[in-house]
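Asker: Which chain is which? The protein sequence lines are L and A, in order.
The numbers in the working numbering rise by one with no breaks, and the one at position 195 of the first sequence is 195.
The numbers in the working numbering rise by one with no breaks, and the one at position 184 of the second sequence is 184.
I am attaching a structure below and will ask some questions about it afterwards.
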Amino acid sequence: MRDIFLSKWTKAVVFVVCLWPLGSLGWDALHNHLTANPIEYITHTTGDWTLRFLLITLAITPLRKILTLPDLIRLRRMLGLFAFFYGCLHFTTYIWLDKFFDLAEMWKDIYKRPYITIGFLAFTLLIPLAITSTAGWIRRMGGRRWQMLHRAIYVSAIAGVIHYYWLVKSAVIRPLAYGAIVGVLLLWRLADRFWPRSGTLQASLKSQPQKIQT
Amino acid sequence: MLFRRNPELTHADVTPKHLYVNRRKFLKDAGFTGAALLAAGGGLWELAASPGAQAGTKLNGLSKSPFSTTEKQNTYDDVSHYNNYYEFGVDKTDPARNSHTLKPYPWSVSIEGEVKKPRQITIDEILKLAPLEERIYRHRCVEAWSIVVPWIGYSFSALAKLVEPTPQAKYVAFESFYDRKQMPEARYAGIDFPYVEGLRLDEAMNPLTLLCVGMYGETLPNQDGAPVRMVIPWKYGFKSGKSLVKIRFQKEQPPTTWNRMAANEYGFYANVNPTVDHPRWSQAKERRLGEFFKRNTLMFNGYTDQVASLYTGMDLKKFY
């Protein structure tokens, strides 16, 4: 099992899989399957995938501890960057296809429309995380400070769910499902912090202060 | 190119989409219906001749309407594959996929309440009650998209006259069909069913208010509200209830579905108004499906001349 995660091919395969939603959008575009309102469809699809990749990224830490698969950490940065990538596509769709670069209109939206405000917050919080995702930045910032900064992903995920919740007209079941998953992932962290199970991987990880891997 | 403009051929001459998409199901249904009719004996001709027998049946003898716009129409494919019909799912493409469970024939509508002649009226009677008109209307959704659709029907007032509203009637409530079993997706919609919409009586009697039985030269596809729906072109689309089973004339303003769900977002009037925003998004512009740039939304969706007088003296920011 461990070999799989250490293989250089694993990252390549995951990378290609993460591009699948984009490829599928492209395929739909070529085959005229973007519905009668392509801009709305692209906006919703890229938004959905941003949120999904945020959740997948947040799931890495719990999964590597619960499944005792510490090597999963090798995938976390890439998954986080894919969340940012789909977030960029989502934001670009909004500013280009929806607002057509009308910045005045965009600022008015951000100021007046709470769901846009909080969506914009969720997106902008990811920018410093994407920039500082390199090994060089971890070294420059120091593990502790870097980790503090990267906890912003919790806020981004919560803001993303609220953005979705405030956007729907009545069918709150999907945003609530995303919210429940974020809730579980964050509560697990709290539980893990205050009631670490001794003798397991996390306990042994805790005993090593320099645990940041890249 | 000699044959390009053949006035005899209309959209209705093309094999209806649902027939070739759902061919297998259609063949199954057709076989079943055929067998049932043979067993009944003699009823075959009557049902086959009935205009409402199948969604996608051509409607003949349509007259043109002075209310029609000359704007470019959306395609049948767009109008039948981009729907808000929450009983069949909340995604725009859900109703086209899920609404095959609806059986639009036989069908009857109960007309009741403050009327001298309450009655059940069948879809066949509705189709013959008044001359069918084609009305090409703009249709503006509260979600800020719009379409242009050649609807078929006649003014709702024709139906109202048939049942003779009493002087007590001040409002009309329109109730849509609901069956949990046929509409399993409805439980995730987040709104209560059956879907109820309503109008003030004078709004309902306005000649623009259309009792609609078809579009694009044929009967309505299920996802667009078969077999009979309302079309109120100066109001946001959610006011136009689909697949009607009950029309009730009454003294009091009826509680309506979206208004009950969120009164601050969906007013009872819900007139298209670019100056009154939805609390969460702007209503100043809209995206006409098929166009890249948004266009400005028109007051009363461009039907000011016909309907503005209904609201004289009313503060439309208050009665949104």
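Quick reminder that beta carbons are idealized off the backbone N, C-alpha and C, glycines included.
Since the model is a prediction, treat every value here as computed from it, not as a measurement.
If the cut-off is 9 Å on Cβ atoms, which residues from the stretch 115-139 of chain L count as contacting chain A, listed in chain order?
Answerer: Within the stretch 115-139 of chain L, contact with chain A at the beta-carbon level (separation under 9 Å) is assigned to Tyr-115 and Ile-116.
Asker: Among residues of its own chain, excluding the 5 on either side of L/Ile-162, which ones have a beta-carbon nearer than 7 Å to its beta-carbon?
Answerer: Ile-118
Asker: L/Ile-166 versus chain A: which residues are under 9 Å apart at the beta carbon?
Answerer: According to the sequence provided, residue 166 of chain L is Trp. The question's Ile does not apply to it. In chain order, Arg-280 make up the part of chain A whose C-beta sits under 9 Å from the C-beta of L/Trp-166.
Asker: Given A/Arg-140, which residues of its chain have a CB within under 7 Å of its CB, disregarding the five upstream and five downstream residues?
Answerer: Ser-146, Tyr-236, Gly-237, Val-272, Glu-286, Thr-297 and Asn-301
Asker: Could you work out which residue in A/Tyr-137, A/His-81 and A/Leu-59 is closest to A/Lys-72 when comparing CA atoms only?
Answerer: A/Tyr-137
Asker: State yes or no: is the beta carbon of A/Arg-287 nearer than 8 Å to at least one beta carbon in chain L?
Answerer: yes
Asker: Which runs of the alpha helix (DSSP H) at least 4 residues long sit entirely within the stretch 51-111 of chain L? Give them in chain order.
Answerer: 73-92
Asker: Just to make sure I have the definition right: I need the residues of chain A whose C-beta is within less than 7 Å of the C-beta of L/Ser-170. Which are they?
Answerer: Ala-189, Gly-190, Ile-191 and Met-261
Asker: What does the alpha-carbon distance come out to for the pair A/Pro-150 and A/Thr-57?
Answerer: 15 Å
Asker: Please list the residues of the stretch 65-95 of chain A that have a C-beta atom closer than 7 Å to any C-beta atom in chain L, keeping them in chain order.
Answerer: Answer set for the stretch 65-95 of chain A: Asp-78, His-81, Tyr-82, Val-90, Lys-92 and Thr-93.
Asker: So, for A/Thr-257: in the same chain, excluding its five sequence neighbours on each side, which residues have a beta-carbon less than 6 Å away from its beta-carbon?
Answerer: So the list reads Ile-191, Tyr-195 and Val-196, once near-sequence residues are dropped.
Asker: How would you label A/Ala-270, buried or exposed, when you count the other beta carbons within 10 angstroms and need 16 or more for buried?
Answerer: buried
Asker: Verify the CB distance criterion: does A/Trp-234 have a CB-CB separation below 8 Å to chain L?
Answerer: no
Asker: Applying the 10 Å Cβ sphere with the 16-neighbour rule, what's the burial state of L/Ala-180?
Answerer: So L/Ala-180 counts as exposed.
Asker: Does any residue of chain A bring its CB to less than 8 Å from the CB of L/Thr-50?
Answerer: no
Asker: Between the beta-carbon of A/Gly-153 and the beta-carbon of A/Leu-210, is there less than 8 Å?
Answerer: Taking 8 Å as the Cβ cut-off, A/Gly-153 and A/Leu-210 qualify as a contacting pair.
Asker: Just list the residues that DSSP pairs A/Leu-397 with in beta bridges.
Answerer: In this structure chain A extends from 1 to 320, so residue 397 of chain A is not present and cannot be described.
Asker: Thinking just about the alpha-carbon of each residue, which of A/Asn-264, A/Gln-168, A/Lys-103 and A/Gly-61 is nearest to the one in A/Lys-181?
Answerer: A/Lys-103
Asker: Hey, A/Asn-74 and A/Leu-316 are a contact pair by Cβ (cut 8 Å); roughly how many whole angstroms apart?
Answerer: Not a contact, Cβ separation roughly 28 Å.
Asker: By DSSP's criteria, A/Tyr-171 is part of a beta bridge. Which residues make up the other side?
Answerer: A/Arg-200 and A/Gln-250
Asker: Which residue marks the beginning of the beta strand (DSSP E) containing A/Gly-113, and which one marks its end?
Answerer: 108-113
Asker: Thinking just about the alpha-carbon of each residue, which of L/Tyr-164, L/Leu-79, L/Val-184 and L/Tyr-115 is nearest to the one in A/Pro-279?
Answerer: Here the closest residue by C-alpha is L/Tyr-115.
Asker: I want to see whether chain A comes within less than 8 Å of L/Arg-145, judged by CB atoms only; does it?
Answerer: no
Asker: Check the Cβ of L/Thr-35 against every Cβ in chain A and list those closer than 8 Å, keeping chain order.
Answerer: His-81, Tyr-82, Lys-92 and Thr-93
Asker: Between A/Arg-229 and A/Glu-112, is the Cβ-Cβ spacing less than 8 Å?
Answerer: no
Asker: Please compile the residues from chain L whose C-beta is within a distance smaller than 7 Å of the C-beta of A/Trp-145.
Answerer: Asn-37
Asker: The alpha helix (DSSP H) that contains A/Thr-257, what's its start and end?
Answerer: Looking at the DSSP string, the run of the alpha helix (DSSP H) that includes A/Thr-257 is 257-261.
Asker: Using DSSP bridges, identify the partner residues of A/Trp-145.
Answerer: A/Arg-287
Asker: Please return the same chain residues whose Cβ sits closer than 7 Å to the Cβ of L/Leu-34, not counting the five positions on each side in sequence.
Answerer: The residues are Asp-28, Tyr-41 and Ile-42.
Asker: Ignore the nearest five residues each way along the sequence and tell me which others in L/Leu-126's own chain have a CB closer than 6 Å to its CB.
Answerer: Phe-84, Gly-87 and Ser-156
Asker: Determine the closest residue to A/Ser-155 out of A/Asn-206, A/Thr-312, A/Gln-250 and A/Asp-224, with distance taken between C-alpha atoms.
Answerer: The shortest C-alpha separation from A/Ser-155 is found at A/Asn-206.
Asker: Is A/Phe-268 close to chain L, meaning its C-beta is less than 8 Å from at least one C-beta of that chain?
Answerer: No, A/Phe-268 does not count as interfacial toward chain L.
Asker: In three-state terms, what does DSSP make of A/Gly-42?
Answerer: Below a pLDDT of 50, predicted positions are generally treated as unreliable, and A/Gly-42, at 37, falls in that range; no measurement from the model is reported.
Asker: Taking only three categories from DSSP, how would you classify A/Lys-64?
Answerer: Strand.
Asker: What three-state label does DSSP hand L/Lys-8 in the structure shown?
Answerer: Helix at L/Lys-8.
Asker: Any beta-carbon of chain A closer than 8 Å to the one on L/Ile-173?
Answerer: Cβ-Cβ to chain A under 8 Å: yes for L/Ile-173.
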